[in-house]
Amino acid sequence: MQNYISNIVSGISITDAIDVCIVAFIIYKILGFIRESRAEQLVKGLLVLVLATLASEQFHLYTLNWILKGTMTLGVLALVIVFQPELRRGLEYVGRSKLVKAPFGQFDKDKAKNITAQFIKAVDDFSANKVGALIILERETSLTDIAETGTILNAEISTELLGNIFYEGAPLHDGAVIVRGDKIYAAGCVLPLTQNKNLSKELGTRHRAGIGITENSDAITLIVSEETGIISIAVDGKLSRFLDIKTVEKTLLNLFLNATGDEKNVAAKSLAAIFNMLGRKNDAAK
């Protein structure tokens, strides 16, 4: 037995170990992707079909086996259609080049603080006065196609301009604002609505649109409810509600600062920690 194990171990090279590790990592990421998306239930259904196909072949149920095999063949095309948003996000993530600088991380500390202060004052005013607002912070995924559904402004970020845009009765107040770098790039934009069927029915179109854009890109969305004044943040298709202004300020500062080079990893970890905290706050509020 000892010789058998020794022969097996001696036959494993470094490249074999690397190969296994890479495949294990890919499988781990795929399983994580399935758990975090609406693919989980569909994958369970697919497994049932596979087992039924194998069982029908084993017990010589030829007609049922022929139907199931035909269904499996069409199922590949159906999966591409059903998972189109998730596949798009995955391919965009893989295709992002580190040679291209993101809109964020190009500011010095003072400018980042100034931009954050403009946002915080505006969001605080919106929350206090129950003014609905939908602000999209573009990151690496370009939102030019979304911006073209609204009005291109390419204006400096200011509390006053945000207030004028979202003032009730203003021509652009019903749409979303797209922020690109240190500019309000567009306003009055139309966003895709989320396809998540598990959201609370009390969430209106503004929240569903804010979540929807984060399902199709890496953008971060700031949302202020018109009915309650509650401040929310959406990222990666997940919504965190009942946020205080200090939490929003910390999130924005981590977003605008240190997002290139080796510092990008630090910023990513900081943002992940913040959104984990937001998730815990959201669960507690429920």
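Per my numbering, the very first residue in the sequence shown carries number -8; after that it's consecutive. Ideal Cβ placement from N, Cα and C applies to all residues, glycine included. These figures come from a predicted structure and were not determined experimentally.
Secondary structure of residue i, DSSP reduced to three states
| i | result |
| --- | --- |
| R326 | One cannot answer for residue 326 here, as it falls past the ends of the chain, which runs -8 to 277. |
| L213 | strand |
| K60 | helix |
| K188 | coil |
| I48 | Note on identity: in this sequence residue 48 is Glu, with Ile being the wrong assignment. Here E48 sits in helix by DSSP. |
| R199 | helix |
| T132 | coil |
| S(-3) | helix |
| G23 | helix |
| G36 | helix |
Residues that DSSP places opposite residue i in a beta bridge
| i | result |
| --- | --- |
| R171 | K174 |
| E147 | K174 |
| V226 | I211, K229 |
| A124 | V215 |
| T142 | A178 |
Neighbour-count burial assignment, residue i, 16 or more Cβ in a 10 Å radius
| i | result |
| --- | --- |
| T251 | Unreliable positioning characterises T251 in this predicted model, as indicated by a pLDDT of 39, which lies under 50. A coordinate reading is not provided. |
| Q49 | exposed |
| S231 | buried |
| F16 | exposed |
| V170 | buried |
| G2 | exposed |
| S88 | Confidence at S88 is low in this model, with a pLDDT of 46, below 50, so the placement of that residue should be treated as unreliable; the coordinate-derived value is given next. Exposed. |
| I21 | exposed |
Of the residues the options, the one placed nearest residue i, counting alpha carbons only
| i | options | result |
| --- | --- | --- |
| A178 | T185, V122, I9, I126 | I126 |
| A167 | T142, G160, A43, L234 | T142 |
| L213 | F117, K35, Y53 | F117 |
| E139 | T238, V181, L190, L65 | V181 |
| R130 | E193, I204, D99 | I204 |
Beta-carbon proximity check, residue i vs residue j, cutoff 8 Å
| i | j | result |
| --- | --- | --- |
| I211 | I224 | yes |
| I137 | I175 | no |
| I222 | V67 | no |
| L40 | T62 | yes |
| L128 | L248 | no |
| T132 | D209 | yes |
| S216 | G154 | no |
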